[in-house]
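Heads up: take any position in the sequence shown, counting from 1, add 5, and you land on the numbering used here.
We treat Cβ as the ideally placed atom computed from N, Cα and C, and that holds for glycine.
One structure is given below, encoded as structure tokens.
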Amino acid sequence: MTRSLLACALLSLLAACSPRAEPDVGTPRHVVVIVIDATQAAQLGCYGGADGTSPQIDAFARTGTRFANATASATWTLPSTTSLLTGLLQEHHGVVTNHHALAADGAPTLPELFVDAGWRTAAFVQMVYASDAYGLDRGFDTYTYYASAAEKREDGRAVLDVLGWLSERAADNERSFTYAHFRRPHSPYDPDVLSVAALGVNPTSVPHERLEMLMHADSRVRDIAELRSGELDLLRGLYRANVRAIDERLASVFEWAAARDDVLVILTADHGEGLGEHEHFGHGDMVHPEHVGIPLIIAGPGVPTGVNEARVATVDVAATLADICALDTAPRDFDGVSLVPLLRGMALDRDDGVFVSGRYRTADNPPTVASKDARWSLVRHGNGDVALYDLVNDPDERTDVASDHPDVIAARLAQLERLVDRGVRNTAPGAASPQLDDERRAALRDLGYIDDSEDR
Ligand SMILES: [Zn+2]
Numbered sequence: 006m007t008r009s010l011l012a013c014a015l016l017s018l019l020a021a022c023s024p025r026a027e028p029d030v031g032t033p034r035h036v037v038v039i040v041i042d043a044t045q046a047a048q049l050g051c052y053g054g055a056d057g058t059s060p061q062i063d064a065f066a067r068t069g070t071r072f073a074n075a076t077a078s079a080t081w082t083l084p085s086t087t088s089l090l091t092g093l094l095q096e097h098h099g100v101v102t103n104h105h106a107l108a109a110d111g112a113p114t115l116p117e118l119f120v121d122a123g124w125r126t127a128a129f130v131q132m133v134y135a136s137d138a139y140g141l142d143r144g145f146d147t148y149t150y151y152a153s154a155a156e157k158r159e160d161g162r163a164v165l166d167v168l169g170w171l172s173e174r175a176a177d178n179e180r181s182f183t184y185a186h187f188r189r190p191h192s193p194y195d196p197d198v199l200s201v202a203a204l205g206v207n208p209t210s211v212p213h214e215r216l217e218m219l220m221h222a223d224s225r226v227r228d229i230a231e232l233r234s235g236e237l238d239l240l241r242g243l244y245r246a247n248v249r250a251i252d253e254r255l256a257s258v259f260e261w262a263a264a265r266d267d268v269l270v271i272l273t274a275d276h277g278e279g280l281g282e283h284e285h286f287g288h289g290d291m292v293h294p295e296h297v298g299i300p301l302i303i304a305g306p307g308v309p310t311g312v313n314e315a316r317v318a319t320v321d322v323a324a325t326l327a328d329i330c331a332l333d334t335a336p337r338d339f340d341g342v343s344l345v346p347l348l349r350g351m352a353l354d355r356d357d358g359v360f361v362s363g364r365y366r367t368a369d370n371p372p373t374v375a376s377k378d379a380r381w382s383l384v385r386h387g388n389g390d391v392a393l394y395d396l397v398n399d400p401d402e403r404t405d406v407a408s409d410h411p412d413v414i415a416a417r418l419a420q421l422e423r424l425v426d427r428g429v430r431n432t433a434p435g436a437a438s439p440q441l442d443d444e445r446r447a448a449l450r451d452l453g454y455i456d457d458s459e460d461r
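Set out below in structure tokens:
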């Protein structure tokens, strides 16, 4: 062995024997949380979806940590966004139906924690159920809601506003927390022509009224049996093109962040979207992977690159940011936990999986709920029926194995019942009434929420 080879061997041995330094997750000066509404993770290229659907997000994912098993904590926009911004499950923040809003004296919000620490805060929101009408502007210095149908189609305007705000904060040497909530790919599946062309989708292959129906499948197609030959592929193509449309727009935000070394970006979704996997479309009532499996990607100073397989949830975002940015959370408690240990290569101090609950029709009407960990997904329907799925052998939740595992069910069910029962009792304290003007009512109608008592 030559001297240099011997030196290399010794160095390798030393490296192998010395304790591995934990990567240091640095404190950023700018935090940008991007929510793309109703995004089924499995449709994104970096989550195994078709090539070309999300090239910009895929490239962004390679610069940070992609959580492969991230779950939405609720199944529709209002409670899920409230969970993201408070770090509380809907059973605790109390915003569980569309007749609720976050009260002024309700749970503290993430932007309030940033303001307390001297950061500037702004929100740019295209979705009415994530808006000030429901108390979700609390803590933001600057709040922009894009009210008109045209503004909800034109993502570029919101992206420019985000970039303008970020550039000003950087120029003024101010720390900033930015929340950007985009409508796409939420229905209507109305992608621009370039995105349609890029994915080879052909909307003229069906009569116009059928196309309209497919674009609003979440509210107009109740069962997969209503679709004719070829229509399921077209529907999914339109959805993917809608993902691509917002994906293209986000490129400039990713570029702005990548050009600096002090920006932390989190990309996620408030919930997923059923595209016929379990015969149904849309989101709200069901808790299968297509409905609650969402992207969660974190990139920024000190965040390692790679894929993390731990079961995590959107309710963990607030605790994670409070940890990374050293925000003073006392005496506030989160239901979520900080994901920083995972970013440092360690395990989470949570072994009982994550909880997700579906839509409450009324505050005292139990929804479908689930607990999911590395092995099991336990689903308890509103009527009390229970199903169990083996996520290792059946990740798409096709086969109910409840009858084979009564012990697993008993333990998990007790945990679920404690939480849901507490939620049913406690829905009032954190909740107020939404403040809907004509513009916001119109937005609900445009999104397919025709009857205000119906929401998804
Ligand atoms: Zn949503």
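For Y148, same chain residues with a beta-carbon under 8 Å away, outside a window of 5 residues either side, are A127, A128, V130, D137, D142 in chain order. Annotation for E217: no residue places its beta carbon closer than 6 Å to its own, counting only its chain and skipping 5 residues before and after.
Short of 6 Å from the beta carbon of Y194, and not among the five residues preceding or following it, lie these beta carbons of its own chain, in chain order: M220, L243, Y244, N247. DSSP places S257 in the helix class (H, G or I) of the three-state scheme.
The DSSP-derived three-state label of I299 is coil.
Residue environment: V312 is assigned as exposed (fewer than 16 neighbouring CB atoms within 10 Å of its CB, all protein chains considered). Rounded to the nearest whole angstrom, the C-alpha separation of S343 and A327 is 8 Å. With respect to the C-alpha of R249, the residue from V36, A55, R445 having the closest C-alpha is A55. Rounded to the nearest whole angstrom, the CA to CA distance from L255 to L168 is 10 Å. Contact between the region 168-182 and the region 29-41 is present: 3 or more CB-CB pairs across the two stretches fall below 8 Å. For A75, the shortest C-beta to heavy atom distance toward ligand 1 is 7 Å or greater.
Here D405 really is in contact with L393; their C-beta atoms are around 6 Å apart, less than 8 Å. Each residue's CA atom was taken as its position, placing F65 and S408 some 43 Å apart. For D395, the enclosing beta strand (DSSP E) stretches over residues 391-395.
In this structure, the CA atom of E295 is about 12 Å from the CA atom of A75. Short of 8 Å from the beta carbon of G161, and not among the five residues preceding or following it, lie these beta carbons of its own chain, in chain order: R254. Taking 8 Å as the upper bound for CB-CB distance, A77 and G277 are in contact here, some 7 Å apart. N207 is not bridged by DSSP to any residue. Per DSSP, reduced to three states, the secondary structure at N74 is strand.
For the pair V100 and L107, the CB atoms are nearer than the 8 Å cut-off.
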